[in-house]
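Numbering (the numbering used here), first residue to last: 61 to 226.
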């Protein structure tokens with residue numbers, strides 16, 4: 061997928077795999093691909109409203125998503141329909157597998173949320189991660205996932221993701 065803008069596809073299919081199965085797939089506008097980091101934009105792809113209690117994802121929300129071929133996470137800036145930033149949702153994943161017009165990431169259950177104003181940083185789904193058995197079946201991947209979550213949490217507390225995403 062690394063190419064000039066003239067021969068880059070206008071859109072890409074994002075495929076999120078969890079437990080060996082496709083959890084969700086959706087089309088996204090391809091904004092950039094520098095050979096390592098891929099940036100896409102897509103409307104909220106979930107069914108209806110997803111209310112986490114601390115944030116709601118709903119129709120009209122727009123996600124600008126950052127994926128890396130060499131990092132164990134993706135970072136998604138979330139804005140509402142009016143363009144106001146809600147915050148950042150980070151998925152801990154294996155590095156992105158990108159080919160042609162398709163980007164595939166394997167979700168490793170751990171997530172992180174940072175509110176737009178930075179007052180709230182939450183580690184999410186650590187119970188799901190523990191139940192996944194990854195620490196037993198693939199200890200190296202589990203260690204990489206836990207380190208990625210720790211690194212993102214540190215960034216979130218130290219001022220956010222702007223430098224990472226610039």
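Even glycine gets a Cβ: it sits at the ideal position worked out from N, Cα and C. Quick caveat: nothing in here was measured; it's all calculated off a predicted structure.
In this structure, the beta-carbon distance from residue 205 to residue 170 falls below 8 Å. The three-state secondary structure of residue 169, taken from DSSP, is strand. Within the region 91 to 160, the complete beta strand (DSSP E) segments of 3 residues or longer fall at 97 to 103, 122 to 128, 133 to 139, 145 to 153 and 157 to 159, listed in chain order.
When the beta-carbon positions are compared, residue 175 and residue 151 stay at least 8 Å from each other. In this structure residue 71 is exposed. Its beta-carbon is surrounded by fewer than 16 other beta-carbon atoms within 10 angstroms. One alpha carbon belongs to residue 113, the other to residue 138, and they sit about 16 Å apart.
By the neighbour-count criterion, in which a residue is buried when 16 or more other Cβ atoms sit within 10 angstroms of its Cβ, residue 207 is exposed. If you draw a 10 Å sphere on the C-beta of residue 222, you find fewer than 16 other C-beta atoms in it, and that means exposed. By the C-beta criterion, the region 94 to 102 is judged to be in contact with the region 118 to 132, since at least 3 inter-stretch pairs fall below 8 Å.
Annotation: the continuous beta strand (DSSP E) that includes residue 73 extends over 71 to 78. In the structure shown, residue 88 falls within a strand segment according to DSSP collapsed to helix, strand and coil.
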